[in-house]
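Enquirer: What follows is a structure written as structure tokens; I'll ask about it next.
Numbering (the working numbering), first residue to last: 13 to 121.
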């Protein structure tokens, strides 16, 4: 059963990550952005209509501040969720997918 689309899910999980900082929240964000539809573009298409909302702007700021640095909280929490330890490959993958999504949001807004 669909409860919310991928854009709303990204916003909700990013805000949850800001509030809780749980490894699972970081992984859920990464998993959806990496695997939804045919690519990151499908997530952005769902997120684009929401970009003017204050909560969406706050969620995007969480992604920028916590997920774009290889050793940032987000990428490390994803690696911890998957392996229980840091992992350069996973952390780089997280940064790459989040950066791609944010870049597409900026170029299409």
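Idealized CB from N, CA, C, for every residue including glycine.
In this text the structure is predicted, and so the values were computed from the model without any measurement.
Taking only three categories from DSSP, how would you classify residue 128?
Expert: Limits of the chain in this structure are 13 at one end and 121 at the other, which puts residue 128 out of reach.
Enquirer: Report the start-end ranges of each beta strand (DSSP E) in the stretch 86-117 that is 3 residues or longer and not cut off at the edges.
Expert: none
Enquirer: Spatial neighbours of residue 74 within its chain, please: C-beta separation below 8 Å, excluding the five flanking residues on both sides.
Expert: 26, 27, 29, 30
Enquirer: Closer than 7 Å: is that where the CB of residue 44 sits relative to any heavy atom of the ligand MN?
Expert: As for the ligand MN, it is missing from this structure, which has no ligand bound.
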